[in-house]
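If you read the protein sequences in the order shown, they are chains A and B.
Following my numbering, the numbering of the first sequence begins with 6 at its first residue and continues without gaps.
Following my numbering, the numbering of the second sequence begins with 255 at its first residue and continues without gaps.
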Amino acid sequence: AQSVTQLGSHVSVSEGALVLLRCNYSSSVPPYLFWYVQYPNQGLQLLLKYTSAATLVKGINGFEAEFKKSETSFHLTKPSAHMSDAAEYFCAVSERGGADGLTFGKGTHLIIQP
Amino acid sequence: EAGVAQSPRYKIIEKRQSVAFWCNPISGHATLYWYQQILGQGPKLLIQFQNNGVVDDSQLPKDRFSAERLKGVDSTLKIQPAKLEDSAVYLCASSSVRFANEQFFGPGTRLTVL
């Protein structure tokens with residue numbers, strides 16, 4: 006069975022500061038990993054995904070994530086936070102690259118302080 | 255290209271009543287998913303369709319939930335009878351192998367059971 010753990014239900018950073026959202030996964034097969042963002046009253050939007058090609062994955066809006074097999078982690082980072090980054094972020098795992106249903110973490114609410 | 259459409263956006267019902275949600279996926283997307291997102295949690299897969307056939311319904315509470323995708327296009331999810339714990343946002347997503355199975359999400363239907 007696969008699972009995702011997101012450390013920290015809420016993360017607060019100042020505008021312009023580094024954003025770091027943590028995700029650890031468990032999977033019995035080489036995983037596909039995803040980060041999604043959800044703005045209030047909207048559906049989820051894909052930020053980036055890891056599909057075993059490169060361990061450092063670049064996504065939209067300046068976000069990137071690094072796959073570390075030894076740590077079973079896929080943390081999301083952004084060098085400089087912007088007010089528009091305030092949202093809910095979900096890490097998800099899949100065994101078949103998204104062709105199957107995704108298993109999501111509980112989410113991290115990112116708060117940007119002015 | 256139009257996104258995934260869902261209706262209604264909001265629904266309030268009494269417990270033991272019935273409710274139905276509708277989803278129209280992106281044109282040409284063969285795979286359709288229904289997720290349940292309870293407040294404070296990540297989405298949980300309820301059912302996955304490939305065209306009009308069920309691929310995975312292992313997490314669907316079949317004693318009260320049902321879903322269909324006639325003609326392999328739009329889909330309905332029904333709850334009968336509803337319980338208080340069914341209060342959640344119901345998200346529909348669709349995907350296509352033409353787009354590397356990326357799941358595109360609709361805005362969701364927020365159900366409140368009183």
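Quick reminder that beta carbons are idealized off the backbone N, C-alpha and C, glycines included.
It should be emphasised that the depicted structure is a prediction, and the values quoted were computed from it without experimental measurement.
query	result
A/T64 at chain B interface by Cβ criterion, 8 Å	One detail in the question is off: residue 64 of chain A reads as Gly in this sequence, not Thr. No, A/G64 does not count as interfacial toward chain B.
Secondary structure of A/I65, DSSP reduced to three states	helix
Residues of its chain near B/N355, where Cβ-Cβ distance is below 7 Å and the 5 sequence neighbours each way are ignored	S349
Cβ of A/D105 within 8 Å of any chain B Cβ	yes
CA-to-CA distance, B/L324 to A/L25, given in whole angstroms	43 Å
A/F68 CB to nearest heavy atom of the ligand COA below 7 Å	With respect to small molecules bound, the structure shown includes none, and the ligand COA cannot be examined in it.
Any chain A beta carbon closer than 8 Å to B/Q302	yes
Contact list for A/N29 against chain B, beta-carbon separation under 8 Å	Those within 8 Å of A/N29 in chain B number zero; the least Cβ separation is about 14 Å.
Exposure of A/L52, with buried meaning 16 or more beta-carbon neighbours within 10 Å	buried
Buried/exposed call for A/S57, threshold 16 Cβ in 10 Å	exposed
B/Y264 burial status per 10 Å Cβ neighbour count (16 or more: buried)	exposed
is_contact[B/D328, chain A] using C-beta, thresh 8 Å	no
Assumed close pair A/T82, A/A70 - CB separation to whole angstroms, cut-off 8 Å	7 Å
Backbone CA spacing between B/S341 and B/L368 [nearest angstrom]	9 Å
Through-space distance from B/K332 to B/Q291, alpha-carbon basis	16 Å
Best match in B/A336, B/K337 and B/Y344 for proximity to B/T330 [C-alpha to C-alpha]	B/Y344
Chain A contact for B/D310 (CB, 8 Å cutoff)	yes
Stretch pair the region 107-118 of chain A + the region 17-24 of chain A: three plus CB contacts closer than 8 Å	yes
8 Å Cβ cutoff, B/P361 in contact with chain A	yes
Contact list for the region 278-294 of chain B against chain A, Cβ threshold 9 Å	T285, Y287, Y289, Q291 and G294
Residue interval of the beta strand (DSSP E) (run including B/Y259)	A quick correction: the sequence has Ala, not Tyr, at residue 259 of chain B. Per DSSP, B/A259 belongs to the beta strand (DSSP E) from A259 to S261.
Contacts around B/F319, its chain only, beta-carbon distance under 6 Å, and the 5 residues preceding and following it disregarded	I333
Residues of its chain near A/Q50, where Cβ-Cβ distance is below 7 Å and the 5 sequence neighbours each way are ignored	Y41 and V42
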